[in-house]
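Everything on this sheet refers to the single structure shown next.
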Amino acid sequence: MNITIVGTGYVGLISGVCLAAKGHHVCCVDTNSSTVQRLNSGHPTIYERGLPELLTEVHSSGRFRATTELEEALGSSEIVLIAVGTPSSNGEIDLDQVRTAARQIGSYIKASQRHISIVVKSTVVPGTTDTVVKEEIEKASGKQHGDFGLGMNPEFLREGNAIEDFMYPDRIVFGHEDKNTLHRLETMYAPWQTEKLHVNSRTAELIKYSNNALLAVQISAINEIANLAAALGGIDIMDVARGVHLDKRWSPIVSDRRITPPILTYLVPGCGFGGSCFPKDVQAIRTQGMRLGLPMEMLNAVLAVNESQPQQVINIIEKDTGSLAGRTALVLGLAFKPDTDDVRESASLKIIASLLAKGSHVLAHDPIATENFKRAMGPSASQVEFLKSWRERVRDADIIILATQWPEYAEINSTSIEGKTIFDARRMLTPDSVACARYLSIGRRMA
Ligand SMILES: NC(=O)c1ccc[n+]([C@@H]2O[C@H](COP(=O)([O-])OP(=O)(O)OC[C@H]3O[C@@H](n4cnc5c(N)ncnc54)[C@H](O)[C@@H]3O)[C@@H](O)[C@H]2O)c1
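If you want this note's numbering, it's the 1-based position in the sequence shown plus 4.
Here it is in structure tokens:
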């Protein structure tokens, strides 16, 4: 099948490479010519495990290419996926990129006799595909839905695990507004054996938001309880969490064996959810609900807890060890989670901004996300000392904050940490393992 993907960021690129690996011919379109050039020379534009190898394979097979020219790509495609960004603007979804992509495809359809299906893969609020996207295409093409197909196929991949998630999905959602589009989605995903849901496009859109919103609810709920545990004192929230996780409705016992499902990783306290999806998606669906006259109390609370959670790190350190002014803090981890170089909405952005505002000297390290982090920080990045390697600088720090769960940071034990304060924001260590240091964390205030 010939497939065009408009927008070649995380989702567009991973989808394109994986669809090509399954035998389709894929052309990825992006307005960024350096992205296109890099991909056409076989080099990935993002960090993702397994991507360099897979890109080399599909690039040399001739089944994957990239271009800046949408019309040229569409010339031979039966289906076009829109995978452009849908950022948040003042808590509301910004559909500018989606509208532009829809108009550009509409202009192509105007001059073409071929029937193609346009399928939205970007995360868009319910009702976007069958109103906004449809209307933009109709206006630009002068044709009606029916002359072209329309659908919505949400993406559930997680950065850091993106290729595996795309290749072995837990479900595929075929949101469709017509039979042609459903048929094309079925053909496109024929090589995948998993549960395939057939729904309309607004249901598909709400499935994606509900999925993220419910996971965000869990994270904020455990964080709120963690803050309560710290306020009470004498409790370690990890002991509480373990006690809860053992409920067989969370971890069932099957054939006398306890199953530990991955959902439990969303029930561990930390400094809040970040990344390119959760914060903006929860905001977008909350705002949509409020526009419809609903109070959206639950999601408002989820966001409020999350907003203040990185500040817990600073509050606890100050409460326990005094003012941060003039002290040196080493922040380990800048990506919003391990195995990615994505720093969008990373808690480290807020933690470092707070440390600087308090007058601390900040040392910072990440194995792969430093350059993205500097760009995201803007001019204030010049106030931070970014390190290429962290081990030999531990001795210079008064406080070490483990902010991203990169496995190498668990080796902090093998450096000289005696007498230092370690703030383990990700619960990577056990308090006993760093007995020579002052161990602090969210949800834990021992006497
Ligand atoms: N990143 C994730 O983990 C993830 C997971 C699931 C869903 N999503 C959703 O997928 C969508 C894309 O996310 P992303 O992280 O890949 O975004 P991104 O910002 O990394 O990439 C978007 C790309 O689209 C390109 N673009 C914008 N307008 C264009 C146009 N008119 N023509 C061609 N290219 C254009 C940009 O240059 C950019 O490269 C979003 O809606 C996001 O919410 C993301």
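Where a beta carbon is used, it is the ideal one built from N, C-alpha and C, also for glycine. Remember, predicted model here, so these are calculated numbers, not experimental data.
task = Could you tell me which of Val30, Pro435, Arg442 and Thr49 sits nearest to Asp240, measuring between CA atoms?
result = Pro435
task = Have a look at Asp285, Asn417, Val309 and Lys323 and flag the residue whose alpha-carbon is nearest the alpha-carbon of Asn227.
result = Measuring from the Cα of Asn227, the nearest candidate turns out to be Val309.
inquiry  = If I measure Cβ to Cβ from Glu61 and keep anything under 8 Å in the same chain, skipping five residues before and after, which residues do I get?
reply    = Ala25
task = Using DSSP bridges, identify the partner residues of Leu201.
result = Val177
query = Using a threshold of 7 Å, is the CB atom of Asn94 nearer than that to any non-hydrogen atom of ligand 1?
reply = Taken from the Cβ of Asn94, every heavy atom of ligand 1 lies 7 Å or farther away.
task = Taking all protein chains shown into account, decide if Leu17 is buried (16 or more other Cβ within 10 angstroms of its Cβ) or exposed.
result = buried
query = Could you give the distance in angstroms between the alpha-carbon of Met5 and the alpha-carbon of Cys31?
reply = 11 Å
ask   = How close, in whole Å, do the beta carbons of Phe152 and Ile120 come, if the pair is a contact with beta carbons under 8 Å?
value = Ile120 and Phe152 do touch by the CB rule: their CB atoms are close to 6 Å apart, below 8 Å.
inquiry  = Taking its Cβ as the centre, do 16 or more other Cβ atoms sit within 10 Å of Asn94, making it buried, or is it exposed?
reply    = By the 16-neighbour rule on beta-carbons within 10 angstroms, Asn94 is exposed.
query = Asp34: beta carbon under 7 Å from a heavy atom of ligand 1?
reply = yes
task = Following the continuous alpha helix (DSSP H) through Arg103, name the residue where it begins and the one where it ends.
result = Where Arg103 is concerned, the enclosing alpha helix (DSSP H) stretches over Asp100 to Lys114.
ask   = Of the choices Ile446, Gln148, Gln41 and Glu349, whose alpha-carbon is the least far from that of Glu311?
value = Glu349
request  = Confirm the yes/no value for this check: CB of Glu52, any heavy atom of ligand 1, distance under 7 Å.
outcome  = no
query = Hey, Val474 and Asn157: beta-carbon distance below 8 Å or not?
reply = Outside the shown range of the chain, which is 5 to 451, sits residue 474, and nothing can be said about it.
ask   = Do Gly238 and Met450 have their CB atoms nearer than 8 Å?
value = The answer is yes: Cβ separation under 8 Å.
inquiry  = Closest to Phe178 by C-alpha separation, out of Asn165, Asp169, Tyr172 and Leu154, would be which residue?
reply    = Leu154
query = Between Ser116, Ser384 and Tyr51, which lies nearest to Leu360 when the distance is taken from Cα to Cα?
reply = When only C-alpha atoms are compared, the closest one is Ser384.
request  = Using alpha carbons as the reference points, say which of Leu271, Glu301 and Thr374 lies closest to Leu250.
outcome  = Leu271
key: Asp151 (DSSP reduced to helix, strand or coil)   = coil
ask   = Going by alpha carbons, who is nearest to Ile289 out of Ala220, Ser81 and Ala439?
value = Ala220
ask   = With respect to 7 Å, is the separation between the Cβ of Glu159 and the closest non-hydrogen atom of ligand 1 below this value?
value = yes
task = Leaving out five residues on either side along the sequence, give the residues of the same chain with a beta carbon under 6 Å from the beta carbon of Asp402.
result = Arg331 and Thr332
ask   = His47: buried (16+ other C-beta within 10 angstroms of its C-beta) or exposed?
value = So His47 counts as exposed.
message = Let me make sure I understand the geometry here. Which of Ala105, Leu85, Glu375 and Cys275 has the alpha-carbon closest to that of Ile229?
response = Cys275
inquiry  = Check whether the region 158 to 165 and the region 340 to 347 touch, using three or more Cβ-Cβ pairs below 8 Å as the test.
reply    = Short answer: they touch.
key: For Leu99 and Met242, the rounded distance between their alpha carbons   = 40 Å
request  = From the DSSP output, in three-state form, read off Met171 for me.
outcome  = helix
Tyr14 - containing alpha helix (DSSP H), residue span = Annotation: the continuous alpha helix (DSSP H) that includes Tyr14 extends over Tyr14 to Ala25.
task = Using only alpha-carbon positions, find the residue among Thr419, Ala77, Arg448 and Gly13 that is nearest to Cys440.
result = Thr419
ask   = Can the beta-carbon of Lys212 be found less than 8 Å from the beta-carbon of Ser92?
value = no
request  = In angstroms with no decimal places, state the Cα-to-Cα distance between Ile167 and Ala106.
outcome  = 27 Å
key: Pairwise C-alpha distance: Leu78 and Val244   = 55 Å
message = Shorter than 7 Å, the distance from the beta carbon of Tyr14 to the closest heavy atom of ligand 1, or not?
response = yes
key: Assigned secondary structure, Ser384 (DSSP; H/G/I helix, E/B strand, else coil)   = helix
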